[in-house]
Each structure stands twice: as C-alpha cells, then as structure tokens.
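Numbering (our numbering), first residue to last: 1 to 263.
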C-alpha cells in the first residue's frame, strides 16, 4: 500500500499520499526455439517471471500459455501478468515467444540411376519404386515425381525429380532426383558388337554390326535394317553349330529389338 505524509497548517489540514508503483516483473524468459516432437508440436517448460513488489505476500504471476504446455508448430507469444490492488501501475505484463520448428520432412529410398535399352522409337517404359516420405505427421504426405513410374522415357538421359510437401514443415518442400538413361539403337549396336566378340571364328557377324552402325550414323535407316536382317539370318543358320542355341537366341532378340527401335 501507499505511505501517507500529513502536514497541519491552520486553519486547514493538508494530507498527501506517496505513489505505490513498484510492482514489476523480472527474470522474464528469453525467446525459446525448439523442434517439434509430434504432430501436435512440443512440450515446452520455462521458469515464469518473478514479481518485484514491496508488499507481502507477492502477487501470483499467470502466463497465457503455462510452462509444460504443448506448443503448436509456429510461433506463440506468451504473455505473463501480475496484478496488485495497491499498485497504481497494476497490472504489469511481460512477453516472450516460443517457436516450435518442424524440419523433419525428408525423402528416403531414392532410386539409383537407371539405364535401360529402348524398345521402340519413342524410348522405353520404365518402372521404378518412388521414394517415400519421412515425417512425424500421420498420414504421411504423398510424393509426386515429375515423370511418374510407368511412363515412356525417351532415348537419352532424363532427370526425375520427386517432391514431397507438408505445410507444417518449415523445410517444405523437399525434393530428390535420379536419372533414367534410355539407350537408343546406336548404343544397342555397340552392346551387340560386344556380345558377338566371344562368338567363334567363321562368321561375319561383327562385320555386319559394323556395317549397320555405319549406315545408321549416316541416316540410312533402310540399309541399316537390311544388314540387321542379314545378321539375324546368319545367327539362325549358325545356331547349334558355331553359335550355341542359347547364345543365338540372345543375339537374335537383341537384333530384333534394335530393329524395333529403328522403326
């Protein structure tokens, strides 16, 4: 309460009161930042401010979000207040912030870079297992890839970007990439040349592949196809003779696929 100073002067009496305005708060917590531990946020404990006052007992401090509460993801302003009837500056308040961050969003299981042979002039259908999201929230947010599994990938190298988004996570969106390389006719002819390198002497298979490569490089598709047809006929003629049947089947299938890619 206040203190009074009384002075007397005749014929009047003057009474004056000193002001009581010492109510205050000290040890106000600094701003707090912590990571979320669940989809609800995080439990945060803090030491509330303490009251400064000449009166006893000291008034109680109340905070808008008590210590030990679950704070949601984002920034919450906590206001702590104390009131005392005898203080002219009552109530007094102090504030600080609690920021709960959610940065656990990530992707796992990114496919390794893939290399496949084209099966048609347009490329090849490629299937892959997309990455999966890692997050504390449930259900997990969906993952989208800019070229989905099961798409037809063109000849050449395509970079696939897969992305996951969750508005609760401050590091959202999260992306990962891998490549899909589709080998065209020229590359498959090189593979076929390597495959016939182990075939015994007495065949002209290697020469036919080289000839097909030359025609294809010059843009002479018709002659490249004719030479490949001759290659297939020679392999069939030598199947079970100079070329084991299993090997012959592999060579024929590879040549037929090149023909399909050439179109």
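From the three backbone atoms N, C-alpha and C, an ideal C-beta is built for every residue, glycine too.
Bear in mind the structure is a predicted one, so any value in this text is a computation, not a measurement.
### Message
Just to confirm my understanding: we take residue 146, look at its own chain, exclude 5 residues before and 5 after, and list those with CB closer than 6 Å. What are they?
### Response
Once the five neighbours on either side are set aside, the close Cβ partners of residue 146 are 161.
### Message
Out of 86, 81, 68, 72, which one is the CA nearest neighbour of residue 54?
### Response
Relative to the Cα of residue 54, the nearest Cα in the group 86, 81, 68, 72 belongs to 86.
### Query
Count the other CB atoms within 10 Å of the CB of residue 222; is the residue buried (16 or more) or exposed (fewer)?
Exposed.
### Message
Taking its Cβ as the centre, do 16 or more other Cβ atoms sit within 10 Å of residue 270, making it buried, or is it exposed?
### Response
Because the chain here runs from 1 to 263, residue 270 falls outside it and cannot be looked at.
### Task
Note down, one range per segment and in chain order, each beta strand (DSSP E) of at least 3 residues found wholly within the region 44-110.
Scanning the region 44-110 from its first residue to its last, the whole beta strand (DSSP E) runs of 3-plus residues come out as 50-52, 61-63, 69-71, 74-82, 92-101, 106-108.
#### Entry: Closest Cα partner of residue 238 within the set 117, 199, 255
Minimum Cα distance to residue 238 is reached at 199.
### Query
Between residue 26 and residue 50, what straight-line distance do the alpha-carbon atoms span, to the nearest angstrom?
Going by the C-alpha atoms only, they are around 5 Å apart.
### Burial state of residue 176, where buried means 16 or more other Cβ atoms lie within 10 Å
Its Cβ being crowded by 16 or more others within 10 Å, residue 176 is buried.
#### Entry: Where residue 267 falls: helix, strand or coil (DSSP)
The shown model of the chain, from 1 to 263, leaves out residue 267, and the question about it has no answer.
### Query
Whose C-beta lies closer than 6 Å to the C-beta of residue 140 among residues of the same chain, with five residues either side of it excluded?
Contacts found: 133.
### Query
What residue does the beta strand (DSSP E) around residue 32 start on, and which one ends it?
For residue 32, the enclosing beta strand (DSSP E) stretches over residues 32-35.
### Segment contact flag, the region 116-136 with the region 153-173, C-beta cutoff 8 Å, min 3 pairs
Here the region 116-136 makes contact with the region 153-173; the two share three or more CB pairs at distances below 8 Å.
### Query
Assuming residue 256 and residue 188 make a contact with CB atoms under 8 Å, what is their CB distance in whole Å?
About 11 Å; that fails the 8 Å criterion.
### Task
Quickly, what does DSSP pair residue 198 with across the bridge? List them, please.
For residue 198, which the question treats as bridged, DSSP gives no partner whatsoever.
#### Entry: Assigned exposure category for residue 253 - 16 Cβ within 10 Å defines buried
It is exposed - the Cβ of residue 253 has fewer than 16 other Cβ atoms within 10 Å.
### Query
So what does DSSP say about residue 23, is it helix, strand or coil?
Coil, per DSSP.
### Reduced DSSP category for residue 226 - H, G, I as helix; E, B as strand; rest coil
Residue 226 falls in the helix class under three-state DSSP.
### Query
Quick one: what's got a C-beta closer than 7 Å to residue 130's C-beta in the same chain, skipping five residues either side?
For residue 130, where only same-chain residues beyond five positions count, the Cβ hits under 7 Å are 143, 145, 149, 162.
### Query
The beta strand (DSSP E) with residue 156 in it runs from where to where?
156-164 is the span of the beta strand (DSSP E), which, as asked, contains residue 156.
### Message
Please report the straight-line C-alpha distance between residue 185 and residue 205, rounded to a whole angstrom.
### Response
Straight across, the Cα-Cα distance linking residue 185 with residue 205 is about 17 Å.
### Task
Drop a sphere of 10 angstroms on the beta-carbon of residue 207, count the other beta-carbons inside from all chains shown, and report buried for 16 or more, exposed for fewer.
Burial call: exposed.
### N-terminal and C-terminal residue of the beta strand (DSSP E) that residue 124 is part of
For residue 124, the enclosing beta strand (DSSP E) has its first and last residue at 124-126.
### Task
Return the bridge partner residues of residue 172 from the DSSP annotation.
BP columns for residue 172 are empty, so no partner.
### Task
Quick one: residues in its chain with C-beta nearer than 6 Å to the C-beta of residue 63, no 5 flanking neighbours on either side, listed in chain order?
Shown here for residue 63: same chain residues with a beta carbon closer than 6 Å to its own, the five before and five after excluded, namely 48, 78, 80 in chain order.
### Task
Report the three-state DSSP secondary structure of residue 214 (helix, strand or coil).
In the structure shown, residue 214 sits in a helix (DSSP, three-state: H, G or I).
### Query
Quick one, are the C-beta atoms of residue 89 and residue 21 less than 7 Å apart?
Contact: yes.
### Task
For residue 115, collect the residues of the same chain with a Cβ closer than 7 Å to its Cβ; drop the 5 residues on either side in sequence, then sort them by chain order.
Leaving aside the five residues that flank residue 115 on each side, the residues in its chain whose CB is nearer than 7 Å to its CB run, in chain order, 181, 183.
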